[in-house]
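Going by the numbering used here, the first residue of the sequence shown is number 1241, and it counts up by one from there. To keep things clear, I will list the structure first and then write my remarks on it.
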Amino acid sequence: MAEPSIATPPPLPVLRGVFFITGTDTEVGKTWVSCRLLERARDAGLSCYGLKPVAAGCEDTAEGLRNEDALQLMAASSMALPYEQVNPVALKAAIAPHIAARQEGRRIDLTRLAGYVRGALNSHPADLVLVEGAGGWRVPLNDREMLAGLAVELQLPVIQVVGMKLGCINHALLTAEAIRADGLDYAGTVANCFGDMAVREENLITLRQHLPGAFIAV
């Protein structure tokens, strides 16, 4: 039997709840996808916002350090939160967060980071909240803790953004395994297609066959 085609995916869904957004790698479109999900919820009349708890690669402005991803999340949200709540840990260098923090003489602490997010969730309840990670799933915060620990601490279901490029199947399956091994709900996959990819349709079908959870969007 021929495999079903997903060349024409269903419309982007309206999500409700609090989700952690991770990706197969850095620069795979986590923020772009998060913004589209927020805009979809906002257009449907839901209250929504995005958080970027840790951002490396911030620019000095008159208001302080600002990260482009965090600003995009704010622009796509229906609720206005102070920048410091959206991005409580802002780091200058566009490198791994634990290295950027070390260069600035700072230490990122998981307990404190979880406290920041809980504070935002408690003070600003909403129909949809997206907590965006940095890079992929196994990104260190310090010598002992990973950013994945934030999702574990808050017990958030995880949505994985898969950057559709050569090697994405291996990266996506390993990430899904790690998420489930950490005891979290794998809520679904968003395949983000950018540039030209050979046999992209076949890769999408393979991902849908092997990944757990819903195939949310292409």
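C-beta: ideal position from N, C-alpha, C; glycine also.
Extent of the continuous alpha helix (DSSP H) run through E1299
Here residue 1299 refers to the residue found at position 59 of the sequence shown. Here E1299 belongs to no alpha helix (DSSP H); instead the beta strand (DSSP E) covers 1299 to 1301.
Is P1337 helix, strand or coil when you go by DSSP?
In the sequence shown, the residue the question calls residue 1337 occupies position 97. P1337: helix per DSSP, three-state reduction.
Using only alpha-carbon positions, find the residue among V1402, L1413, A1457 that is nearest to K1270.
On the sequence shown, residue 1270 is found 30 positions in, with the first residue counted as 1. If we check each option's Cα against that of K1270, V1402 comes out closest.
Could you say which of T1264, A1391, G1257 lies nearest to V1430 if we only look at CA atoms?
Translated into positions along the sequence shown, residue 1430 becomes position 190. Ranking the options by Cα distance to V1430, first place goes to T1264.
Reduced DSSP secondary structure (H/G/I, E/B, other) of V1294
For the purposes of this step, residue 1294 is taken as the residue at position 54 of the sequence shown. Strand, per DSSP.
Considering only the beta carbon of each residue, do L1370 and L1286 sit closer than 8 Å?
Counting from 1 along the sequence shown, the entry for residue 1370 is found at position 130. Counting from 1 along the sequence shown, the entry for residue 1286 is found at position 46. Result no, Cβ atoms of L1370 and L1286 do not sit closer than 8 Å.
Hey, is the segment 1373 to 1385 in contact with the segment 1287 to 1297, meaning 3+ C-beta pairs nearer than 8 Å?
yes
Please classify Q1449: does DSSP put it in a helix, a strand, or coil?
Residue mapping note: residue 1449 aligns to position 209 of the sequence shown, counting from 1. Three-state DSSP puts Q1449 in a helix.
Short of 7 Å in beta carbon distance, which residues of its chain neighbour M1386, apart from the five on each side in sequence? Order them along the chain.
If you number the sequence shown from 1, residue 1386 lands on position 146. Correct list, in chain order: R1378, V1379, P1380.
Beta bridge counterpart(s) of T1262 as assigned by DSSP:
The residue given as residue 1262 occupies position 22 in the sequence shown. Note: T1262 sits in a beta bridge opposite Q1400.
If you measure between the beta carbons of R1282 and S1318, is that distance less than 8 Å?
In the sequence shown, residue 1282 corresponds to position 42, counting from 1. In the sequence shown, residue 1318 corresponds to position 78, counting from 1. The answer is yes: Cβ separation under 8 Å.
Near I1409, which residues of its chain fall below 7 Å by C-beta distance, leaving aside the five closest residues on each side in sequence?
What you label residue 1409 is simply residue 169 of the sequence shown in a count that begins at 1. N1443, T1446, L1447.
Tell me the start and end of each unbroken beta strand (DSSP E) in the segment 1344 to 1410 that is at least 3 residues and wholly inside, in chain order.
1368 to 1372, 1398 to 1403
Counted within 10 angstroms of its Cβ, other Cβ atoms place F1434 as buried (16 or more) or exposed:
Here residue 1434 refers to the residue found at position 194 of the sequence shown. Exposed.
May I ask you to verify whether the segment 1345 to 1364 touches the segment 1311 to 1329, counting CB pairs closer than 8 Å and requiring at least 3?
yes
Residues that DSSP places opposite G1257 in a beta bridge
Position 17 of the sequence shown, counted from the first residue, corresponds to residue 1257. Looking at the DSSP assignment, G1257 forms a beta bridge with L1368.
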